[in-house]
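Visitor:
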Amino acid sequence: ATEAQEHDLVIIGGGVAGYVAAIKAGQAGLKVACIEKRGVLGGTCLNVGCIPSKSLLNNSHLYHQILHDTKKRGIEVGEVKLNLQQMMAAKNTSVDGLTKGVEFLFKKNKVEYIPGTAALSGENEVKVNKIDGGEATFRAKNIIIATGSEATPFPGLTIDEKRVVTSTGAISLNEVPKKMVVIGGGIIGLEMGSVWSRLGAEVTVVEFLGQIGGPGMDAEISKMSQKILQKQGMKFKLNTKVLGGDDSGETLKLEVEAAKGGKKETLDADVVLVAIGRRAYTAGLGLENIGLEVDDKGRLVIDQQYRTKIPHIRVIGDCTFGPMLAHKAEEEAVAAIEYITKGFGHVNYNAIPSVMYTHPEVAWVGQNEAEVKEQGVKYKTGSFPFSANSRAKTNLETEGMVKFISDAETDRILGIHIVGPNAGEMIAEGVLAVEYGASSEDVARTSHAHPTLAEAFKEAAMATYSKAIHY
Ligand code: FAD
Ligand code: NAD
């Protein structure tokens with residue numbers, strides 16, 4: 042082994058949390074190294090998460106729309122054929138472009154990129170098994186752990202990423218399954234289920250709870266979204282538990298049982314997607330060498346400045362508390378570097394948006410109605426349907442609505458929930474409103490261009506503090 046290298050900061054993990062922290066540290070003039078074991082920067086998000094899934098969502102939506110939604114628009118098309126290989130190639134092009142882009146940004150900001158697997162060997166020491174052979178030891182004044190998360194396995198089902206898949210297999214299937222069963226009706230299940238349903242698979246989603254969308258989604262919005270997805274052909278079994286699976290035959294068999302009443306049935310599938318959540322990933326990191334703690338979910342324990350009990354070792358992103366979202370990881374990365382270089386940082390966890398990229402999209406920020414109710418806060422709601430919005434009507438995309446929840450006394454916005462076209466872009470305005478502590482009247486009195494979908498946003502705000510004009 043060579044002599045240890047001295048750094049201001051060593052970052053373990055080159056996902057969104059790690060790479061953003063590395064760039065920010067480089068910009069602040071720190072001598073920084075980022076260690077990534079995948080051999081490619083960008084982590085889950087760029088390689089097997091946000092980016093490839095959105096490529097498939099976009100292109101499968103276009104395909105589906107050309108097949109089913111052109112006639113009424115006055116567009117006659119001839120034979121439409123799926124070229125799955127090319128769709129996957131387009132996905133890979135997007136991923137490659139973006140991961141190489143991160144490598145370029147590392148060079149630009151003088152970040153040392155070390156492809157290899159890191160383990161903590163001391164409070165200021167990280168040992169690396171390099172991908173191209175050999176070992177290296179780094180001595181660091183500060184260490185950031187950003188090792189991300191992995192899919193939670195389903196007990197009794199062996200994941201081979203071909204027939205029994207996580208999202209990683211689901212973004213790379215080489216043919217459209219006839220029947221796909223999705224275990225878990227959260228964000229991954231609905232996004233990846235949508236992709237394969239649009240491409241022709243018969244998709245059944247089995248969800249343990251009584252509503253789809255995973256944690257946080259407003260019940261009213263969830264119901265509306267489920268109805269729309271059902272119309273598109275997806276099937277749902279809610280309040281249903283998967284008892285076990287059999288993968289010995291040509292067709293996979295899943296035994297499921299209604300949570301109440303206990304009615305059992307067997308579902309056949311060519312592909313089963315396991316999407317029951319993700320868990321923090323810290324395997325092989327050597328936490329025990331320096332006594333770092335994890336909670337009962339395996340997440341590294343930190344304080345509000347992202348510090349472990351060894352204060353110069355910080356943790357950000359999916360491997361610690363909070364929602365497992367790329368933009369949350371990014372906010373934490375910037376804040377963590379600011380804590381190191383300036384002593385203060387800022388992340389407003391009440392103003393982190395969530396987006397489900399189905400069609401139409403679902404997006405929200407702040408609290409949902411059940412959460413507000415549970416806290417005993419007096420509140421009012423206002424909503425506006427896209428069917429009454431001029432742009433949605435011209436686009437022939439009128440499904441969905443915008444819903445505001447605000448404090449009954451102060452009118453301060455507590456939550457905004459959207460299901461509808463472009464919800465994911467529209468929610469940015471909601472995030473800004475929540476961040477600035479706006480009231481629904483503040484939004485309602487802000488001019489919104491006509492004709493835009495964003496007018497539905499304004500009118501929902503109007504409906505909250507007064508009355509909407511067009512509904
Ligand atoms: P990761 O991206 O998981 O990165 C951690 C990195 O650390 C990995 O590359 C890993 O190889 C590396 N690593 C681990 N251990 C070591 C070690 N010992 N040494 C060296 N390197 C190590 N979020 C959104 O906001 N929007 C979306 O649309 C979205 N879509 C998603 C779709 C899918 C299918 C999935 C699975 C996730 C999606 N997410 C989305 C979530 C998002 O991907 C994560 O929140 C984000 O990647 C978290 O970033 P991270 O840096 O904390 O972890
Ligand atoms: P999730 O937590 O969103 O949903 C999991 C769902 O599975 C829940 O509805 C849960 O009730 C259900 N479930 C759990 N155990 C079950 C069981 N035994 N049987 C049936 N249902 C069961 O998790 P996910 O969809 O796997 O996504 C993981 C993470 O990745 C999430 O935290 C999400 O934020 C992130 N992600 C985000 C995006 C996005 O931002 N668009 C996209 C994909 C993934």
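Take the position in the sequence shown, starting the count at 1, then add 41; the result is the number in full-length UniProt numbering. No residue lacks a Cβ here, since even glycine has one placed at the ideal position from N, Cα and C.
1. How would you call Lys78, buried or exposed, if buried means at least 16 neighbouring beta carbons within 10 angstroms?
2. Following the continuous beta strand (DSSP E) through His458, name the residue where it begins and the one where it ends.
3. Tell me the DSSP secondary structure of Arg79 in three-state form.
4. Give the single residue among Gly257, Arg239, Gly234 whose Cα lies nearest to the Cα of Val246.
5. Are the CB atoms of Glu306 and Val297 nearer to each other than 8 Å?
6. Name the two residues that bound the continuous beta strand (DSSP E) containing Thr451.
7. Using DSSP's beta-bridge definition, name the partner residues of Pro194.
8. What number of angstroms, rounded off, separates the C-alpha of Met129 from the C-alpha of Ala449?
9. CA-CA distance, Ala42 and Val396?
10. Would you call the CB atoms of Asp287 and Arg319 closer than 8 Å?
11. When you compare only the Cα positions, how much space is there between Val342 and Gly189?
12. Report buried or exposed for Ile381, applying the criterion of at least 16 other Cβ atoms within 10 angstroms of its Cβ.
13. DSSP beta-bridge partners for residue 541?
14. Following the continuous alpha helix (DSSP H) through Arg432, name the residue where it begins and the one where it ends.
15. Following the continuous beta strand (DSSP E) through Phe277, name the residue where it begins and the one where it ends.
16. Identify every residue that forms a DSSP beta bridge with Ile186.
17. So, does the segment 177-193 touch the segment 49-65, judging by three or more C-beta pairs under 8 Å?
18. Using CA atoms only, rank isn't needed, just tell me which of Ser238, Ala497, Pro93 is closest to Phe277.
19. Does at least one heavy atom of the ligand FAD sit under 7 Å from the Cβ of Thr178?
20. Just grab the DSSP bridge partners of Phe445 for me.
21. Compute every distance between the C-beta of Leu328 and the non-hydrogen atoms of the ligand FAD, then say whether any falls below 7 Å.
22. Give every residue whose Cβ lies closer than 6 Å to any heavy atom of the ligand SAH, listed in chain order.
23. Which of the three DSSP states is assigned to His48 in this structure?
24. By a C-beta neighbour count over all protein chains shown, 10 Å radius and 16 as the cutoff for buried, is Asn215 buried or exposed?
25. Could you spell out the range, first to last residue, of the beta strand (DSSP E) harbouring Lys294?
26. Taking the Cβ atom as the reference point for each residue, do Leu82 and Tyr104 lie within a distance shorter than 8 Å?
27. At the level of alpha carbons, what is the spacing between Thr66 and Ala242?
28. Can you look up residue 528 in the DSSP assignment and give me helix, strand or coil?
29. Measure the C-alpha to C-alpha separation of Ala429 and Val460 and round it to an integer number of angstroms.
30. Is the closest heavy atom of the ligand FAD to the C-beta of Glu450 under 7 Å?
31. Have a look at Val223 and Val244 and give me their C-alpha separation to the nearest angstrom.
32. Under a Cβ-count criterion, where at least 16 other Cβ atoms within 10 Å of its own Cβ denotes burial, should Gly471 be classed as buried or exposed?
33. In three-state terms, what does DSSP make of Asn99?
34. Fully enclosed by the segment 200-243, which alpha helix (DSSP H) runs are 4 residues long or longer?
35. Within the continuous alpha helix (DSSP H) that includes Glu261, where are the two ends?
36. Alpha carbon to alpha carbon, how far is Asn391 from Thr399?
Guide: Inspection of the coordinates gives the following:
1. buried
2. 454-461
3. coil
4. In terms of Cα proximity to Val246, the closest of Gly257, Arg239, Gly234 is Gly234.
5. yes
6. Here Thr451 belongs to no beta strand (DSSP E), and DSSP marks it neither H nor E.
7. Answer is none; Pro194 lacks a bridge partner.
8. 49 Å
9. Note that Ala42 has pLDDT 47, beneath the 50 cutoff, so the model's placement of it is unreliable and the number below is only indicative. Distance between the alpha carbons of Ala42 and Val396 is about 46 Å.
10. No; because the gap between Cβ atoms is not below 8 Å, this pair is not in contact.
11. 14 Å
12. buried
13. One cannot answer for residue 541 here, as it falls past the ends of the chain, which runs 42 to 512.
14. 431-435
15. Residues 276-278.
16. Ile53, Val356
17. yes
18. Ser238
19. no
20. Gly423, Ile457
21. no
22. This structure simply doesn't include the ligand SAH; it includes the ligand FAD and the ligand NAD instead.
23. Strand at His48.
24. exposed
25. 293-299
26. no
27. Here residue 66 is Ala; the residue named in the question, Thr, does not match the sequence. Near 46 Å, if we compare the C-alpha coordinates of Ala242 and Ala66.
28. In the structure displayed, the chain extends from 42 to 512; residue 528 sits before or after that span and is not available.
29. 14 Å
30. no
31. 7 Å
32. So Gly471 counts as buried.
33. helix
34. Runs found: 208-211, 228-239.
35. 260-272
36. 24 Å
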